[in-house]
Amino acid sequence: MSITRPIYMEINLTNFQHNMASIREKIGPDVAIMPVIKANAYGTYLNTRLDILNQFDIVAVATVDEGVFIRNLGYRRQIFVLNQPYADEIEKIIAYNIIVGISSYDFARKLGETGEPIKVHLEIGTGMGRTGVHPYRIDKYIEQLPSNVIVEGIYTHLSSADIDDTYTLKQLKSFNAAVATAREMLGNIKYIHAAASNGIVNFPDSHFNLVRTGIIMYGYAAADDTLDKIDIKPIASLKGTITFLKTVNAGTSIGYSRSYITKRESKVATVPIGYADGFRRTYSNGWQVMIRGKKVPIIGKVCMDSFMVDVTDIEDVALGDEVIIWDNENITVEQLAEHCDTINYEILCSISDRVPRKFIME
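Right under this line is the structure:
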């Protein structure tokens, strides 16, 4: 992807391969990996890289349109939609040879009405409280599946594998019971999966024969102790450049609503990223970025397309100087997330498509 703005997210492919090797070491050679590349691969846009996708026999997305995108990109292997789609998407599911998760009777019947062979994974609701077939009603569900619906997988979501061992073991017990019933009725099932990042790290018994690699694949912690349990490296950094620089007198208003008034003669730099790019207004007036190895404060409110920084104390600051918004060392995604009372997932995913992605190898 070409860089067309003086702001970009840098994606380190060397770190990505390191993370995949660490995950492989954790799960062993007999468990397959299904990378979760929904939400533009957690904002990294690795879902646009066919060379990355082709390392895997199956990939997971959240929506049918996400699957269509990577099919059109040229990916010819299996694409799995984690969430049960909508009835009006069935034509696309068939046309693009997409596998879907299912758990409702009505949707299964609509798949049957097509008469076309459609591959599915049965979602078992073991305690997420979201979607899924009740584990002890799986026999009734299977009995009502139309003959053209081909069950290739069975899966569940572990809601609390980061904080609650007892609850997670209860989920796995329910899931194992559902898997046993499904095998009795259907015979061999190609894919059995329950573990996302926290399951991979904390519950070896949840690996089955397929794991869903999410946040740890991108090098970020799924819980407070993740980095103590697996060797991963962050792959994304957000960087930009100073595009405007001026000196103003004391008493000068900076930004909307006059929320910041300079207290001294100040040198003010403009950085071309704002809340439309996913850099939140929450960072207004005080959050710091790094320029020339020094942390400096944002002054005024973050605008839609830019923010301003007080660079008075940076010697020889100049137009074109690099601005580090996060680099995973001096400023981390987790620090930004804590400031916004959210999680690292949301910070990564919220950086919009207006921000170019730059892929590097080290």
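Under our numbering, the first residue of the sequence shown carries the number 1, and numbering increases by one thereafter.
Even glycine gets a Cβ: it sits at the ideal position worked out from N, Cα and C.
Buried/exposed call for residue i, threshold 16 Cβ in 10 Å
{"i": "Q55", "result": "exposed"}
{"i": "A196", "result": "buried"}
{"i": "R24", "result": "exposed"}
{"i": "S306", "result": "buried"}
{"i": "N40", "result": "buried"}
{"i": "Y45", "result": "buried"}
{"i": "I298", "result": "buried"}
{"i": "D225", "result": "exposed"}
{"i": "K301", "result": "buried"}
{"i": "T168", "result": "buried"}
{"i": "L172", "result": "buried"}
{"i": "M1", "result": "Here M1 scores only 44 on pLDDT, less than 50, and its place in the model should not be relied on; the value that follows carries that caveat. When all chains shown are included, M1 counts as exposed."}
{"i": "R212", "result": "buried"}
{"i": "G365", "result": "There is no way to answer for residue 365, as the model of the chain reaches only from 1 to 362."}
{"i": "G129", "result": "exposed"}
{"i": "G363", "result": "What is shown of the chain runs 1 to 362, which leaves residue 363 out entirely."}
{"i": "I331", "result": "buried"}
{"i": "N188", "result": "exposed"}
Expected contact under 8 Å - CB spacing of residue i and residue j to nearest Å
{"i": "Y220", "j": "N209", "result": "With a Cβ gap of about 26 Å, Y220 and N209 do not count as contacting."}
{"i": "G127", "j": "S103", "result": "Between S103 and G127 the Cβ distance is about 14 Å, and since that is not below 8 Å, they are no contact."}
{"i": "D277", "j": "I325", "result": "So it is not a contact: roughly 10 Å between Cβ atoms."}
{"i": "Y105", "j": "Q144", "result": "6 Å"}
{"i": "T194", "j": "F175", "result": "Before going further, note that residue 194 is Ala rather than Thr in the sequence given. Confirmed, Cβ separation roughly 6 Å."}
Sub-7 Å separation of residue i and residue j beta-carbons
{"i": "L348", "j": "Y86", "result": "no"}
{"i": "N344", "j": "A337", "result": "yes"}
{"i": "V133", "j": "I154", "result": "no"}
{"i": "F359", "j": "I11", "result": "yes"}
{"i": "L50", "j": "G74", "result": "yes"}
{"i": "V311", "j": "V296", "result": "yes"}
{"i": "P356", "j": "T4", "result": "yes"}
{"i": "I291", "j": "D321", "result": "yes"}
{"i": "M304", "j": "Y275", "result": "yes"}
{"i": "A177", "j": "P135", "result": "yes"}
{"i": "I93", "j": "V100", "result": "yes"}
{"i": "L227", "j": "M9", "result": "no"}
Best match in the options for proximity to residue i [C-alpha to C-alpha]
{"i": "I98", "options": "A108, K110 and R71", "result": "R71"}
{"i": "V317", "options": "K294, I299 and E334", "result": "K294"}
{"i": "H157", "options": "R354, N83, I314 and R183", "result": "N83"}
{"i": "K263", "options": "C303, F69, I7 and V248", "result": "V248"}
{"i": "P6", "options": "M361, H339 and L319", "result": "L319"}
{"i": "M308", "options": "L227, I200, R281 and C340", "result": "R281"}
{"i": "D139", "options": "I200, K170, A182 and G129", "result": "A182"}
{"i": "I52", "options": "T14, E89 and E66", "result": "T14"}
{"i": "L91", "options": "G101, R76, F80 and V68", "result": "According to the sequence shown, residue 91 is Glu rather than Leu. E91 has its Cα closest to that of V68, out of G101, R76, F80 and V68."}
{"i": "A222", "options": "N47, V100, T342 and L238", "result": "T342"}
{"i": "L186", "options": "I163, D164 and Y141", "result": "Y141"}
{"i": "V81", "options": "I94, D88, E66 and A95", "result": "E66"}
{"i": "K26", "options": "F279, S253 and K229", "result": "K229"}
Residue-level contact to chain B via CB, residue i, 7 Å cutoff
{"i": "N83", "result": "In summary, chain B is missing from the structure at hand, where a single protein chain is found."}
Between the segment 279–295 and the segment 193–213, do at least 3 Cβ pairs fall closer than 8 Å? In short, these stretches do not touch, since the Cβ pair count stays below three.
Stretch-stretch touch, CB-based, cutoff 8 Å, three pairs: the segment 141–151 with the segment 113–131: They touch, by the three-pair rule.
Counting beta carbon pairs with one atom in the segment 25–32 and one in the segment 232–239, are three or more of them shorter than 8 Å? They do not touch, by the three-pair rule.
Using 8 Å as the Cβ pair cut-off and three pairs as the minimum, do the segment 264–281 and the segment 46–62 touch? Verdict: no, contact absent.
Can you confirm whether the segment 238–247 touches the segment 211–218 when touching is taken to mean that 3 or more C-beta pairs between the two stretches lie within less than 8 Å? Contact fails: fewer than three Cβ-Cβ distances are below 8 Å.
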